[in-house]
Structures are given as structure tokens and as C-alpha cells.
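*Asks:* My questions all concern the structure below.
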Amino acid sequence: MATSSSIPASFAPRKILLIKLRHHGDMLLTTPVIEALRQRYPQAAVDVLLYKETLPMLQAHPHIRQLRFIDRKWKNEGTLAHLRHEAALLKAIRQEGYDLVINLADQWRSAIITALSGAPVRIGFAYNKRRNAFWQRAHTHLVSTSNHSQLHTVEQNLAALQPLNIPFSGFPAAMHYSESDWSHTQTVLAQSKVTRPYIVIQPTSRWIFKCWEDDKVAGLIAALASEQIDIVLTAAPDKKELAMIDHILSLCPGKAISLAGKLSLPQLASLIDHARLFIGVDSAPMHMAAALDTPCIALFGPTKLKQWRPWGDNNQVIWAGDYAPLPSPDSINTRTETRYLSAIPLDDVVKAARNYLDE
55 MATSSSIPAS
65 FAPRKILLIK
75 LRHHGDMLLT
85 TPVIEALRQR
95 YPQAAVDVLL
105 YKETLPMLQA
115 HPHIRQLRFI
125 DRKWKNEGTL
135 AHLRHEAALL
145 KAIRQEGYDL
155 VINLADQWRS
165 AIITALSGAP
175 VRIGFAYNKR
185 RNAFWQRAHT
195 HLVSTSNHSQ
205 LHTVEQNLAA
215 LQPLNIPFSG
225 FPAAMHYSES
235 DWSHTQTVLA
245 QSKVTRPYIV
255 IQPTSRWIFK
265 CWEDDKVAGL
275 IAALASEQID
285 IVLTAAPDKK
295 ELAMIDHILS
305 LCPGKAISLA
315 GKLSLPQLAS
325 LIDHARLFIG
335 VDSAPMHMAA
345 ALDTPCIALF
355 GPTKLKQWRP
365 WGDNNQVIWA
375 GDYAPLPSPD
385 SINTRTETRY
395 LSAIPLDDVV
405 KAARNYLDE
């Protein structure tokens with residue numbers, strides 16, 4: 055039966071498995087937990103279990119020994135092959151002999167893996183939707199989520215460390231990339247004739263409701279473009295996002311250079327790391343900019359701002375809710391074409407950008 059009691063200070067795990075099965079930005083926001091564990095247990099090896107598509111977010115992290123993954127495409131191989139993959143993963147985890155498993159996920163699959171890991175200490179969250187005997191037996195310690203609505207996602211993740219008597223503040227997020235990532239990015243910049251200091255603007259998201267209007271993005275580019283600085287646009291290699299970039303470029307011809315879809319996530323991190331300024335919407339690249347301590351202007355709409363604002367000190371949030379009423383984040387149809395950021399005035403974003411550039 056899971057408890058909320060503290061784990062003895064003498065507990066010294068040799069092998070730790072951290073489980074988080076979410077999107078790219080979510081994985082980046084687990085890095086403060088990795089740093090907290092490294093500081094508390096410097097002798098321990100820390101592994102992470104995540105979805106395969108999010109591997110690039112953590113693959114260069116120097117304090118992760120091994121990344122284990124679940125491929126969501128396994129189910130496309132048929133039931134038998136899918137079960138074989140799952141069984142092989144469970145076998146590998148059991149054979150590793152973890153001393154501590156920290157389950158930051160809320161899926162049944164993560165609870166099953168935690169329960170069958172064989173780890174003597176298994177920490178998870180006491181989610182309201184998981185109030186049942188199996189979830190309790192899967193974990194030796196459950197941490198309350200009663201105050202999660204008041205916490206940033208980083209703080210929520212760090213709260214899982216309470217039974218280990220590790221504080222849930224004071225740990226930065228981190229985005230790492232390799233020298234070869236930056237070397238490749240420099241080559242792409244040179245080929246694209248980016249020779250001056252540059253601003254990165256990421257106006258796209260896989261969800262349209264998180265995006266600003268294309269004409270305002272074009273107006274921002276036109277206002278900031280100068281002989282002293284280049285404007286670089288980025289986006290995921292998604293057809294809709296690439297079409298949005300093309301439309302923005304058509305509204306301000308010759309004012310910006312697109313690297314949309316041309317860089318991997320670690321290469322994009324290297325691009326952002328060397329930028330004068332990052333301007334973007336609520337997205338994984340925005341969290342990357344904050345983690346890299348690149349000056350960041352983040353445009354937000356009906357997202358849970360307290361949980362998802364950029365984690366760090368070198369950023370400014372411009373929230374559409376300061377200019378017009380917004381619907382509740384929980385009521386949003388994520389497939390809507392409505393751009394709730396439309397209330398944000400162009401002039402305010404230009405002014406914020408110039409304040410950073412004039413420093």
C-alpha cells in the first residue's frame with residue numbers, strides 16, 4: 055500500500071528510472087528533476103523512459119545514463135508484435151535492477167511498468183482519477199496533487215521528490231545539444247546567408263489556437279529587420295506549419311530567412327542558444343529558449359499560464375488575456391481554427407523586442 059511518508063535519509067539508490075510519457079516540451083520540463091536527483095544522489099545512474107519521438111529533447115543530456123523508449127507505432131505492427139515490444143521493455147527494466155522508480159506520468163501503462171519494475175521504492179502521484187487499489191499497489195509512495203493547479207509544471211514534477219526530502223525549487227531546466235549539432239547549424243546559416251547577429255521567431259504551433267495572426271508576425275518582422283540584425287523563422291516540418299511560414303514570408307518579402315523544417319530539435323536548440331532574442335508562441339522551442347537562457351518573449355493565449363509559462367528569469371510573457379477576455383483553457387477545442395492571440399497588439403510585441411535588443 056502506498057504511503058506519503060518520507061524515505062529514510064540513509065536511502066542511497068544506485069540506479070534510478072524516471073518515467074514521463076508526454077510531449078516534447080513536457081520532457082524538457084523534467085530536466086530540473088534530473089538535476090535535483092544528480093545533486094542528491096551524485097553516485098546514482100539516472101535513466102529516463104519516454105516516448106520515442108521525444109528522444110531528441112534529452113538525448114544530449116550529460117546526466118542521463120540511458121534513454122529507454124516506448125514507440126507509439128508499435129501498435130501498428132499488430133497485437134502480437136506490440137506485446138513482444140512491451141514484454142521486452144519490461145524485461146529490460148526488471149533486469150536492470152532499479153532501486154528507485156519515479157513515475158511522473160498518469161497513464162495506466164506507466165503504473166504497470168512501475169509496479170513490475172521490481173524497484174523497492176516506487177514514487178508516483180495520487181491523481182484523483184486514479185483512486186483505486188491497483189494504482190496504490192503500483193507505488194510505494196504517492197504524492198498529493200491537491201496544489202498542482204497553483205504550481206508550474208516544473209514544480210509539479212519536482213513535487214514527486216518530496217518523499218526523498220528534496221526541495222521542489224531552485225533547479226533550472228536544461229536543453230543540451232552536441233558540438234556537431236551547432237556545427238551543422240552554422241553550415242545551414244551560412245548557406246542561408248545569415249551572417250549577422252540574429253533573432254529567432256517561431257510563430258507556429260501544431261495547434262492553431264496558440265498562434266498569432268500571420269500579418270502581425272509579418273509586421274513584427276518588418277519592424278525589427280535592419281542592417282544590423284537578421285530575422286530567422288523556424289517551424290516544425292509539418293505541412294500546415296510550413297504553409298504558415300510561407301504565407302508570413304509572402305507578407306514581408308526579403309525581410310526574413312526561413313529555416314523552417316530544416317533543423318532537428320537539438321540543432322534548433324543550438325540556433326536558439328546563439329540568438330540575440332527568441333520570440334515565439336507557447337511551444338517546445340519557447341521552453342527550449344527559456345532553458346538555454348536566451349532572452350525570450352513568449353506569446354500566450356488560453357493556456358494555463360501558471361503551469362506553462364517559460365521557466366526561468368530571462369523572459370517576458372505577453373498574454374492575450376490582458377487585452378481581451380479568453381475562454382477557459384479546459385473548454386478549448388484543440389482543433390479550432392480560432393487564433394485567440396489576436397488580441398495581442400503588434401506594437402506591444404515590437405516594443406518588448408526592442409527593449410531586449412537595446413540592452
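Under this note's numbering, the residues of the sequence shown are numbered 55 to 413, in order.
A virtual CB, placed ideally from N, CA and C, is assigned to each residue, including glycine.
Select from Q245, D268, H139, H328 the residue whose C-alpha is nearest the C-alpha of L303.
*Replies:* Checked all of Q245, D268, H139, H328; the closest Cα to L303 is D268.
*Asks:* Within its chain, find whatever has a CB closer than 6 angstroms to the CB of Q370; leave out the 5 residues flanking it on each side and keep chain order.
*Replies:* The residues are I351, A406.
*Asks:* If I measure Cβ to Cβ from D402 and keep anything under 8 angstroms in the same chain, skipping five residues before and after, which residues do I get?
*Replies:* If we look at D402 and ignore the five residues flanking it on each side, its Cβ neighbours are I372.
*Asks:* Under the criterion of a Cβ to heavy atom distance below 6 angstroms, does E391 qualify as lining the ligand GDP?
*Replies:* The ligand GDP is absent from the structure shown, which contains no ligand whatsoever.
*Asks:* Please give me, in chain order, every unbroken run of the alpha helix (DSSP H) with length at least 4 that falls completely inside the region 93-168.
*Replies:* You should have 133-150.
*Asks:* Is the beta carbon of S164 closer than 7 angstroms to that of L75?
*Replies:* Their beta carbons are under 7 angstroms apart, which means L75 touches S164 by this criterion.
*Asks:* Which word fits W189, buried or exposed, when buried means at least 16 other C-beta atoms lie within 10 angstroms of its C-beta?
*Replies:* Classification of W189: buried, given that the 10 Å Cβ count is 16 or more.
*Asks:* What is the C-beta distance between D327 and T348, in whole angstroms, given that I count them as a contact (C-beta under 8 angstroms)?
*Replies:* Right, the Cβ-Cβ distance comes to about 6 angstroms (below 8 angstroms), so this counts as a contact.
*Asks:* Compare the Cα-Cα distances from L296 to each of T249, V87, K316 and report the closest residue.
*Replies:* Checked all of T249, V87, K316; the closest Cα to L296 is K316.
*Asks:* Ignore the nearest five residues each way along the sequence and tell me which others in V254's own chain have a CB closer than 7 angstroms to its CB.
*Replies:* If we look at V254 and ignore the five residues flanking it on each side, its Cβ neighbours are V286, T288, L325, I326, A329, F332.
*Asks:* Under the rule that 16 or more other beta-carbon atoms within 10 Å means buried, what is P356, buried or exposed?
*Replies:* Buried: at least 16 other Cβ atoms inside 10 Å.
*Asks:* Measure from the alpha carbon of N211 to the alpha carbon of each residue in A180, T194, D235, then state which is nearest.
*Replies:* Checking every option, the nearest Cα to that of N211 belongs to A180.
*Asks:* Taking the alpha carbon of F65 as the point to measure from, which residue in L91, M81, H77 has its own alpha carbon closest?
*Replies:* Nearest C-alpha to F65: L91.
*Asks:* For the putative contact between N201 and G178, defined by C-beta atoms under 8 angstroms, what is the C-beta separation to the nearest angstrom?
*Replies:* Contact flag wrong, Cβ pair sits at about 16 angstroms.
*Asks:* Determine the closest residue to D153 out of T108, A98, T207, with distance taken between C-alpha atoms.
*Replies:* Comparing Cα positions, the closest option is A98.
*Asks:* Do A279 and K247 have their beta-carbon atoms positioned less than 7 angstroms apart in this structure?
*Replies:* No, they are not a contact pair.
*Asks:* Does Y410 come out as helix, strand or coil in the three-state DSSP assignment?
*Replies:* Y410 falls in the helix class under three-state DSSP.
*Asks:* Taking the continuous beta strand (DSSP E) assigned at N369, which residues delimit it?
*Replies:* Element bounds for N369: 369-373.
*Asks:* Please name the residue or residues paired with C350 in a DSSP beta bridge.
*Replies:* Paired residue(s): F332, N369.
*Asks:* Put S312 into one of helix, strand or coil per three-state DSSP.
*Replies:* If DSSP states are grouped into helix, strand and coil, S312 belongs with the strands.
*Asks:* Nearest CA to the CA of K270: which residue from A228, I283, G334, M111?
*Replies:* Per the Cα distances, G334.
*Asks:* By Cβ distance below 6 angstroms, which residues in the same chain neighbour A192 in space, the five residues on each side in sequence not counted?
*Replies:* Around A192: A165, T168, A169.
*Asks:* Which stretch, first to last residue, makes up the alpha helix (DSSP H) that contains F188?
*Replies:* From DSSP, the alpha helix (DSSP H) with F188 extends over 187-192.
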